[in-house]
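Single-structure report; data block below.
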Amino acid sequence: MGKKYRVTCDLFTIPLQKNESLLYAPRVGFICEANEDVLSLLANIDEITSENINEKQKGVLDRLEKNGILNGSREKTIQKYNPRTFEPTRLTLFPTNQCNLRCIYCYASAGEHAEKAMEWQYAESAINTIVKNALKNHHKTISIGFHGGGEPLYRWKFIQQVADYAETQSRKNHLNLKLYAATNGLLNEQQLEWITGHFSDLNISFDGLPEVQDYHRPLPNREGSFKYLDRTFRFLDSKGFNYGIRSTFSNYNIDLMEDSYDFIMSHYKPKSIHFEPVFQCGRCKTSSDYDISLDKFALNFQRIEAKHNNKKIQFIYSGSRVETLTDSFCGVSRDSFTITPDGYITACFEITSPDDPKSEKFFYGRINGEGELIIDEKKRKYLQDITVDNLEYCKDCFAKWHCAGECVARLGHDDLHGERGHDRCILNRKMLKSKLITILKTNSKTPDYSTQHK
Ligand code: SF4
Ligand code: SF4
2 MGKKYRVTCD LFTIPLQKNE SLLYAPRVGF ICEANEDVLS LLANIDEITS ENINEKQKGV
62 LDRLEKNGIL NGSREKTIQK YNPRTFEPTR LTLFPTNQCN LRCIYCYASA GEHAEKAMEW
122 QYAESAINTI VKNALKNHHK TISIGFHGGG EPLYRWKFIQ QVADYAETQS RKNHLNLKLY
182 AATNGLLNEQ QLEWITGHFS DLNISFDGLP EVQDYHRPLP NREGSFKYLD RTFRFLDSKG
242 FNYGIRSTFS NYNIDLMEDS YDFIMSHYKP KSIHFEPVFQ CGRCKTSSDY DISLDKFALN
302 FQRIEAKHNN KKIQFIYSGS RVETLTDSFC GVSRDSFTIT PDGYITACFE ITSPDDPKSE
362 KFFYGRINGE GELIIDEKKR KYLQDITVDN LEYCKDCFAK WHCAGECVAR LGHDDLHGER
422 GHDRCILNRK MLKSKLITIL KTNSKTPDYS TQHK
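Here it is as structure tokens:
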């Protein structure tokens, strides 16, 4: 009868040139090159036994079996997140829609709208909620992030009040507390001193070079902001504090990507450098002035990646996280407990105002006048279901467990479970394919996978 073979893992073929392809099993961590004969062998695997193939073919299948591709694979499990009840222990607060910079591409057009400041009662109720959930579910840690529509740390007294209350509550209840923020970095030394004593990390927007920072991210009076950022980085470095840098590339600085990387690496000590192409919305939504060629972004990124050899600093683009296996691109499908200044609960960091038409899909609850949480369970379920295993479009995509269906706020349509195939989807596949080729060429081991989330 002979031995039978079957493919027992997620296995993808990625065309290279001529008759060659890559065989990639992301959840096993296996990559190899395969010619048409191997692909045809695999395509007909159901009809094959060890008795109706030749020795060479048997050798190929035995190798695949040994590497966990056939006949019982050791696939990494991707943990599903879908608790029946809403019990988050991580919280994000948007303290304000105001900002002390006027970035030309700002997604929130911060500073151009009537001021909204979060009332204390929303923050207090939200903190009480995560403490209660942590105690109920025996979690040891709660975390609170500050993010924005505007610059979150601009409301400095509010930030200190939140930190003070959260610290008191966590001490009283024997919980660990993690505080962090995404910030524009415009902070004075007193603020920085306080942050290093209370926060675990910061994510700082800095566009890579002094002249670009000054052009992209000026103060309201058009003064450049680089000198303030430089002071911030030097201060944090002197304290050995954990921070990441996030840089945005428009058509103004797309040809300066490598110079930006070199500048950051030679001047500062971030734990991560995150490069992203500009996304058309907010202040630049009516103009294509800042639009870039994603091909250029990909080429420049790959060139930098090839020379990046500092293992202590992560160099990242969000759509091609080869080290991460996940079913969710971000917290949208994981009960992201994010409170807007008006007390709404939004799943998305960029949908922060009820005036935004997208809030219809992304706002799934609110905190009422009595400080109670009102959750729209139908919307919550709709959002929870946006995991890559539920997305028909991504079903056969080799990038699915790394890209996880991309950012749903940037699809260009409002069916969040619907079609992909847009520019970022194409970019993600291109970037991931190139990374896999590099891994294969450099004979590196398979990526060291984690199941972290963005
Ligand atoms: S949907 Fe996109 S913009 Fe919104 S939080 Fe997720 S990654 Fe960010
Ligand atoms: S969005 Fe595109 S690249 Fe990402 S998993 Fe889906 S098909 Fe693949």
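Everything in the sequence shown is counted per my numbering, starting at 2 for the first residue and increasing by one.
Beta carbons are placed, not taken as given, at the ideal position from N, Cα and C, and that holds for glycine.
Quick caveat, the model's predicted, so the values are computed rather than measured.
Leaving out the 5 sequence neighbours to the left and right, which residues in its chain are closer than 6 angstroms to residue i when beta-carbon positions are compared?
| i | result |
| --- | --- |
| F13 | Y25 and F399 |
| K240 | T197 |
| T339 | T93 and T347 |
| N68 | F31 |
| P211 | F227 |
| Y123 | I340, G344 and I368 |
| F117 | The sequence shown places Lys at residue 117, rather than the Phe named in the question. For K117, where only same-chain residues beyond five positions count, the Cβ hits under 6 angstroms are N98 and P342. |
| N185 | L102, E152 and S206 |
| A183 | H148 and N204 |
| I305 | E259 and Y262 |
| K380 | Y365 |
| Y229 | L187 |
In whole angstroms, what is the alpha-carbon distance linking residue i and residue j?
| i | j | result |
| --- | --- | --- |
| L62 | D47 | 13 angstroms |
| H114 | Q99 | 8 angstroms |
| W402 | L412 | 18 angstroms |
| G245 | Y155 | 19 angstroms |
| N101 | V333 | 28 angstroms |
| L441 | D296 | 22 angstroms |
| N189 | Y394 | 47 angstroms |
| R103 | V8 | 54 angstroms |
| G73 | D11 | 12 angstroms |
| R421 | G406 | 7 angstroms |
| E371 | H199 | 29 angstroms |
| I387 | F302 | 28 angstroms |
| R322 | M2 | 44 angstroms |
| E52 | N20 | 27 angstroms |
| F364 | I145 | 19 angstroms |
| P89 | E324 | 26 angstroms |
| F234 | C33 | 42 angstroms |
| S267 | D357 | 40 angstroms |
| T439 | I15 | 14 angstroms |
| G150 | F95 | 7 angstroms |
| L257 | V213 | 9 angstroms |
| S41 | S319 | 34 angstroms |
| L237 | N174 | 30 angstroms |
Which two residues bound the contiguous alpha helix (DSSP H) that contains residue i?
| i | result |
| --- | --- |
| P278 | Premise fails: P278 lies in the beta strand (DSSP E), S273 to P278, not in any alpha helix (DSSP H). |
| A307 | L295 to K308 |
| R456 | Any question about residue 456 goes unanswered here, given that the chain covers just 2 to 455. |
| S41 | E37 to A44 |
| F350 | F350 -> no alpha helix (DSSP H), and no H or E assigned at all. |
| I440 | D424 to K442 |
So, at 8 angstroms on beta carbons, what are the nonlocal neighbours of residue i in its own chain, with the 5 sequence-adjacent residues on each side left out?
| i | result |
| --- | --- |
| S171 | V132, I143, N177 and L178 |
| K359 | C349, I352, A410 and D415 |
| K313 | K272 |
| Q192 | L154 and W157 |
| R335 | Y82, S329, Q385 and H454 |
| N391 | H418 |
| L17 | L23, E34 and I438 |
Note the first and the last residue of the continuous beta strand (DSSP E) segment covering residue i.
| i | result |
| --- | --- |
| A182 | N177 to T184 |
| R91 | R91 to L94 |
| I317 | Q315 to I317 |
| P342 | Unbroken run through P342: none, as it is neither H nor E. |
| T86 | Unbroken run through T86: none, as it is neither H nor E. |
| S329 | It is not in any beta strand (DSSP E) - S329 carries neither H nor E in the DSSP assignment. |
| Y106 | Note, Y106: premise wrong, no beta strand (DSSP E); not H, not E. |
| Y6 | That residue, Y6, is in no beta strand (DSSP E); it is neither H nor E in DSSP. |
| T14 | F13 to P16 |
| A26 | S22 to A26 |
Going along the chain, which residues of its own chain have a beta-carbon closer than 7 angstroms to the beta-carbon of residue i, five neighbours each way excluded?
| i | result |
| --- | --- |
| D215 | G225, S226 and F227 |
| F264 | G209 and L210 |
| H423 | L412 and G413 |
| R75 | V29 and G69 |
| F242 | T197 |
| N36 | N20 and E21 |
| P278 | F250, I293, L295 and F298 |
Just checking: is the beta-carbon of residue i within a distance shorter than 9 angstroms of some beta-carbon in chain C?
| i | result |
| --- | --- |
| R335 | Considering every chain present, this structure includes no chain C. It has just one protein chain. |
Going residue by residue through the region 194 to 274, where are the continuous alpha helix (DSSP H) segments of at least 4 residues, counting only ones entirely within it?
211 to 217, 227 to 240 and 258 to 268
Using a strict less-than 5 angstroms threshold between each residue's beta carbon and the heavy atoms of ligand 1, what residues do you get?
C331, V333, C349, F350, E351, C408, V409 and A410
Specify which residues have a beta carbon nearer than 6 angstroms to any heavy atom of ligand 2, listing them in chain order.
V389, Y394, C395, C398, A400, K401, C404, G406, E407, R421, C426, N429 and R430
Identify every run of the beta strand (DSSP E) within the region 127 to 174, keeping only runs that are complete inside it and at least 3 residues long; order them along the chain.
142 to 147
As an exercise, report each continuous beta strand (DSSP E) stretch of at least 3 residues that is fully enclosed by the region 356 to 409, in chain order.
364 to 368 and 374 to 376
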